[in-house]
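Those sequence lines, one after another, are chains A and B.
Under the working numbering, think of the first position of the first sequence as 168, with each following residue one higher.
Under the working numbering, think of the first position of the second sequence as 3, with each following residue one higher.
Heads up, the thing below is written out as C-alpha cells.
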Amino acid sequence: MKYVVAFGRFWWNFIVGDDWRVAAGLAVAFAGTWTLTHHGVNAWWLLPIAVVLLLVGSVLREARSGGA
Amino acid sequence: MSSNILLFLGTFLASAVEAVEALTIVLAVGVVRGWRSTLLGVAAASVVLAAIIAALGPALQRIPISTLRLVVGALLLTFGLQWLRKAILRAGGYKPLHDEAAAFASGRAEAGSAATPAGRTDWYSFTVAFKGVLLEGLEVAFIVIGFGSAQGKLGLAIGAAAAAVVVVVAVGLVVRGPLERVPENTLKFVVGVLLTSFGIFWGGEGAGVEWPGSDAAILAAVALVGILSVALTQALRRRRQAASPAEVRA
C-alpha cells in the first residue's frame with residue numbers, strides 16, 4: 168500500500184507541483200476555452216489571461232507567506 | 003522556422019539544466035565510491051529514459067493531433083508554470099538559489115558515510131546514480147516527447163536533448179567538478195517562459211482556438227510571458243528591499 172501511495176505522490180508532485188491551485192485553474196481555463204470554441208466563440212484570449220492571473224496569484228501568495 | 007528554433011532552444015536548455023543537476027549527483031558518488039557501479043547506474047537510467055521516449059513518442063503520434071496538442075499543451079503549461087514560479091521566486095530573493103557546489107559537497111558526504119560494498123557491485127553507487135539520472139531525466143523525457151510529438155519534430159527534440167547532455171558532460175569532464183558557474187536560475191527562467199508559451203499555443207490549438215497571426219502567435223506568447231515574468235521578478239525584488247533594506251544591501 169505504501170508503494171502505491173508513494174507512486175501516487177510522485178506523480179502528483181511531478182504534474183501538479185507546489186501549488187495545486189495553478190493546476191486546478193489551468194483545468195478550468197482549458198475547459199472554458201474548449202466549451203467556448205465549440206459554441207462558435209474563438210476564445211484565443213482565455214488561456215493567456217488565465218496564465219497571467221494564475222502566475223501572478225501563485226507568486227504573490229508564496230511571497231506573502233515569506234517564501235521557502 | 004522560428005518555432006523550430008524555439009523548440010530546439012527550449013528542449014536544449016531544459017535538458018542542459020537537468021543534465022547539470024544529474025552530473026552533480028553522479029560526480030559526487032563516482033568520485034567518492036568509484037566509477038564502475040556509478041556508471042552502470044547512469045547507463046541503466048539512460049536505457050529506461052530512452053525506452054520511455056521510444057515507446058511513448060511513436061504511440062503519441064497515432065493520437066489525433068488536436069487531442070495530442072491539448073494534452074501536451076496542458077502538460078507543458080503545468081511544467082512551464084512550475085519552472086517559472088520557482089525561477090521568479092529565486093530571482094526575487096524569496097527562495098534560495100540552487101547551489102551545485104553545496105549539492106556536490108552534501109552528496110559526497112552522504113556517499114562517504116554509506117556502508118562499503120561486500121561484493122563487486124556497489125549497489126549504493128548504482129542506486130543513487132540511477133535515481134539521480136532517472137528523476138532528473140524524466141521531466142526532460144516528457145518535454146522531448148511533448149515538444150517533438152505536438153510539432154511532429156521528435157527527431158529535432160531528441161537531437162536537442164542529446165546535444166545538451168553531450169555539452170554538459172564534456173564541460174564536466176574538462177572542469178572535473180560540478181558546474182557551479184552555470185547560471186542555472188536564468189536557464190530555468192528562459193525554459194519556463196518557453197514551456198509556458200508553447201503550452202498556451204498548443205493547448206489553445208488543441209482546444210479549437212484559431213490564433214490571430216497563426217504561428218506568429220507563439221512569439222507574442224513568448225513576449226507576454228517574458229515581460230510578465232521580468233515584471234514580477236522586479237516587483238518581488240522591490241518588495242523584498244522595502245521589507246528589509248539592510249538585509250538586501252548586505
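We put the beta carbon where it would ideally sit given N, CA and C, even for glycine.
*Could you give the distance in angstroms between the alpha-carbon of residue 232/B and the alpha-carbon of residue 88/B?*
13 Å
*asked:* Within 7 Å of any Cβ in chain E, is that where the Cβ of residue 92/B sits?
replied: This model lacks chain E altogether; the protein chains it does include are A and B.
*Please report how far the alpha carbon of residue 196/B lies from the alpha carbon of residue 82/B, in whole angstroms.*
7 Å
_My parser needs the alpha helix (DSSP H) runs of 4 or more residues fully inside the segment 87-117 of chain B; what are they?_
102-115
*List the residues of chain A whose Cβ lies closer than 9 Å to the Cβ of residue 227/B, in chain order.*
215, 218, 219 and 222
_For residue 58/B, tell me which candidate among 33/B, 145/B and 32/B has the shortest Cα-Cα distance._
145/B
*Would you call the CB atoms of residue 221/A and residue 192/A closer than 7 Å?*
yes
*Do residue 105/B and residue 198/B have their CB atoms nearer than 7 Å?*
no
*asked:* So if I threshold CB-CB distances at 7 Å, which residues from the segment 196-216 of chain A count as touching chain B?
replied: 197, 200, 201, 204, 205, 209, 210, 211, 214 and 215
_Strictly below 8 Å CB to CB, what residues from chain A border residue 80/B?_
182, 183, 184, 189, 190 and 193
*asked:* Would you say residue 73/B lies against chain A (beta-carbon separation less than 7 Å)?
replied: no
_Where residue 250/B sits in the DSSP three-state scheme_ = Confidence at residue 250/B is low in this model, with a pLDDT of 49, below 50, so the placement of that residue should be treated as unreliable; the coordinate-derived value is given next. Here residue 250/B sits in helix by DSSP.
*Can you tell me whether DSSP reads residue 207/B as helix, strand or coil?*
helix
_What are the residues in the segment 3-29 of chain B lying within 9 Å of chain A by C-beta distance?_
none
_Need the endpoints of the alpha helix (DSSP H) that residue 243/B sits in, please._
219-245
_Contact under 7 Å by Cβ, residue 130/B with residue 21/B_ = no
*Drop a sphere of 10 angstroms on the beta-carbon of residue 170/A, count the other beta-carbons inside from all chains shown, and report buried for 16 or more, exposed for fewer.*
exposed
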